[in-house]
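Asks: First the structure, then my questions, so here it is.
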Amino acid sequence: MVRRIVVKFGGALITKKDEQCVARVEVIRNLCSAIHSLTNDGVQVIVVHGAGSFGHLKAKRWRLNEGYVAGYNVQGDACSSQFEAVEQVRNDMLNLNAIVVGELEKFGIKVHSHPPHQWARNLGPEFNGTLSRFSSTDPSIVHVSFGDVVDVDGDRRFGILSGDDVVARLSTELPHVESLIFAMGGVDGLLRVPPHEATENDLIEQWSPTVDYVGIHHTEIDVTGGIGLKLNRGYMVAQTGIGVHLVNGEYPSRMLAIVRKEPWRGTSIIP
Ligand code: IPE
């Protein structure tokens with residue numbers, strides 16, 4: 076029997092928020108160790124990672140999330156046009172991807188990496204691009220993809236495809252996916268109050284759209300959708316019968332516990 080899961084490593088978990096292009100390598104290593112344990116259990120894992128400070132800062136400065144803006148320029152920046160910025164963010168994302176892939180390989184895992192700008196176009200949960208490259212179900216192979224700058228049809232020309240859209244399509248279109256896990260940074264799941272006010276009891280263990288939550292979305296730095304996008308895409312996936320869970324990625328054993336059907340701390344999205 077094939078067992079398959081999709082895991083999103085949030086950008087805020089795997090990178091340092093305020094330092095451009097600095098990865099939290101130890102956090103990544105611990106996550107990869109858990110992925111290794113799952114592959115040893117015979118589970119096929121697909122990893123999609125976010126961008127954090129490898130993507131959002133430059134993308135925001137160059138308004139890449141808005142697509143092509145005629146005549147737009149940023150004085151005193153290392154690049155001189157939006158198109159150059161697109162190339163630079165793609166390269167920065169390839170660098171972050173190389174760190175994630177390298178850490179997985181250190182555990183002896185065979186990794187197939189699929190940078191979206193090479194196979195995907197257009198935005199949102201119905202972006203174009205065939206998922207056949209993710210189809211092998213061999214647990215010794217881990218497929219990896221990420222949020223990226225992709226080409227967009229028409230005048231817009233390019234845009235930011237969030238890893239949250241990538242995981243939504245992977246989870247609903249590939250066969251055998253039993254769960255989608257969002258590994259987040261700094262929170263145990265979805266909270267009723269802002270993280271700095273939260274106590275143990277403020278974790279929402281089961282969320283559906285009627286349940287109130289507090290999600291801080293740093294629109295000044297975040298070019299995708301923050302927690303709201305995760306919940307929206309997570310809910311879409313949960314409605315197809317797949318288990319969707321939000322956990323604190325700083326405790327990768329919680330991810331293991333979900334898959335091993337043991338008790339864990341976090342939030343499940345209920346259809
Ligand atoms: C964003 O992807 C991609 C870029 C900014 C290039 P995500 O939406 O998946 O990233 P995080 O998890 O919010 O960092």
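Taking the working numbering, the leading residue of the sequence shown gets 76, the next gets one more, and so forth. Note that the Cβ used here is the ideal one computed from N, Cα and C, for glycine as well.
Given the structure, does ILE235 come close to ligand 1, in the sense that its CB is under 7 Å from one of the ligand's heavy atoms?
Replies: Because some heavy atom of ligand 1 lies under 7 Å away, the Cβ of ILE235 counts as near it: yes.
Asks: Below 6 Å CB to CB, which residues in the same chain sit around LYS83 once its five sequence neighbours on both sides are set aside?
Replies: Contacts found: VAL123, GLY238, VAL242 and PHE257.
Asks: Excluding the 5 residues flanking GLY117 on each side, which residues of the same chain have their C-beta closer than 6 Å to its C-beta?
Replies: Within the same chain, GLY117 has close Cβ partners PRO214.
Asks: Measuring CA to CA, which of LYS92, GLU248 and THR285 is closest to ARG79?
Replies: Checking every option, the nearest Cα to that of ARG79 belongs to GLU248.
Asks: So, are the CB atoms of LEU88 and VAL100 less than 8 Å apart?
Replies: Going by C-beta atoms, LEU88 is not nearer than 8 Å to VAL100.
Asks: Is there contact between the region 263 to 270 and the region 316 to 323, where contact requires at least three CB pairs shorter than 8 Å?
Replies: The region 263 to 270, when compared against the region 316 to 323, does touch it at the 8 Å Cβ threshold.
Asks: Near VAL289, which residues of its chain fall below 8 Å by C-beta distance, leaving aside the five closest residues on each side in sequence?
Replies: Within the same chain, VAL289 has close Cβ partners LEU266, ARG267, VAL268 and PRO269.
Asks: Look up ASP297 in the DSSP assignment and give the residues it is bridged to.
Replies: Per DSSP, none; premise fails for ASP297.
Asks: Heavy atom of ligand 1 less than 7 Å from the Cβ of THR299, yes or no?
Replies: Because some heavy atom of ligand 1 lies under 7 Å away, the Cβ of THR299 counts as near it: yes.
Asks: Do TRP137 and VAL149 count as a contact pair if the criterion is CB distance below 8 Å?
Replies: Yes, these two residues count as a Cβ contact at 8 Å.
Asks: When DSSP labels each residue in this structure, what does MET259 get in the three-state scheme?
Replies: Strand, per DSSP.
Asks: In its own chain, which residues sit with a C-beta less than 7 Å from the C-beta of VAL186, not counting the 5 before and 5 after it?
Replies: Around VAL186: VAL176, LEU179, GLU180, VAL217 and VAL219.
Asks: Output the residue ranges of the beta strand (DSSP E) runs that lie fully inside the region 212 to 249 and measure 3 residues or longer, sorted by chain position.
Replies: With a minimum length of 3 residues, the continuous beta strand (DSSP E) runs that stay inside the region 212 to 249 are 216 to 221, 223 to 226 and 233 to 236.
Asks: In or out: HIS189 buried (at least 16 other Cβ within 10 Å) or exposed?
Replies: By the neighbour-count rule (16 or more Cβ atoms within 10 Å), HIS189 is buried.
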